[in-house]
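One structure below.
Numbering (this note's numbering), first residue to last: 733 to 901.
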């Protein structure tokens with residue numbers, strides 16, 4: 733009879749364990765830190781691009797002793813200048829100048845990096861454990877996630893979560 737309370741406890745903990753014990757940090761989890769830093773630089777700073785070269789297979793960056801990093805690129809619509817903000821999985825923020833070429837503002841996006849990665853995997857993306865490339869940008873009027881494996885690019889709509897296309901690289 734003692735096993736039933738343990739099973740109930742196990743089921744309860746399991747239901748909440750994955751978000752709490754996640755392997756790393758998604759792009760949206762670290763976006764507020766990056767935006768706050770960019771707005772110290774220019775109050776009108778707006779996101780134009782974000783990427784990581786260190787994505788885990790679950791679409792996060794590591795929080796380990798060697799954390800992964802998301803790089804957020806912002807532009808000031810008023811000055812047309814840009815700044816890069818790196819935020820690692822532990823939340824360390826670093827600001828740097830950049831001459832990034834994109835000018836299309838990303839705006840809002842609802843699909844986070846982990847969901848985009850899952851959708852790409854469902855459509856053939858081959859994951860690895862040594863750092864994967866992911867980016868988010870505006871393309872053809874819509875905000876898209878782009879993931880890369882050894883042979884293909886995978887595109888996911890960053891607002892609907894819909895798989896868009898797979899291209900040979």
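The C-beta atom is built at its ideal place from N, Cα and C for all residues, glycine as well.
Because the structure is a prediction, the values reported are computed rather than measured.
Item, Value
"Meets three-Cβ-pair contact criterion under 8 Å: the segment 786 to 803 and the segment 859 to 871", "yes"
"Where residue 753 sits in the DSSP three-state scheme", "Summary for residue 753: the model assigns pLDDT 41, below 50, so the residue's position carries little reliability; its value from the coordinates is reported in the next sentence. Coil at residue 753, not helix or strand."
"Length of the line joining the Cα atoms of residue 875 and residue 837", "9 Å"
"Cβ neighbours of residue 897 in the same chain (closer than 7 Å, five flanking residues each side left out)", "887"
"CA nearest to the CA of residue 831, picked from 841, 764, 756 and 814", "814"
"Residue 881, DSSP secondary structure in three states", "coil"
"Boundaries of the beta strand (DSSP E) in which residue 850 is found, first to last residue", "No beta strand (DSSP E) contains residue 850, which is instead part of the alpha helix (DSSP H) from 845 to 854."
"Residue 767, enclosing alpha helix (DSSP H) - first and last residue", "759 to 773"
"Cβ neighbours of residue 842 in the same chain (closer than 6 Å, five flanking residues each side left out)", "891"
"N- and C-terminal bounds of the beta strand (DSSP E) containing residue 811", "Careful: residue 811 lies outside any beta strand (DSSP E) and carries neither H nor E."
"Selected residue, minimal CA-CA separation from residue 845, among 783, 771 and 776", "783"
"C-alpha gap between residue 693 and residue 808, whole angstroms", "Residue 693 lies beyond the residue range present for the chain, which begins at 733 and ends at 901; the question has no answer from this structure."
"Which residues DSSP lists as bridging residue 795, in chain order", "Bridge partners of residue 795: none, in fact."
"CB contact flag (residue 854, residue 893, <8 Å)", "no"
"Beta-carbon proximity list for residue 756, same chain, < 6 Å, skipping 5 on both sides", "788, 792, 793, 794, 795 and 821"
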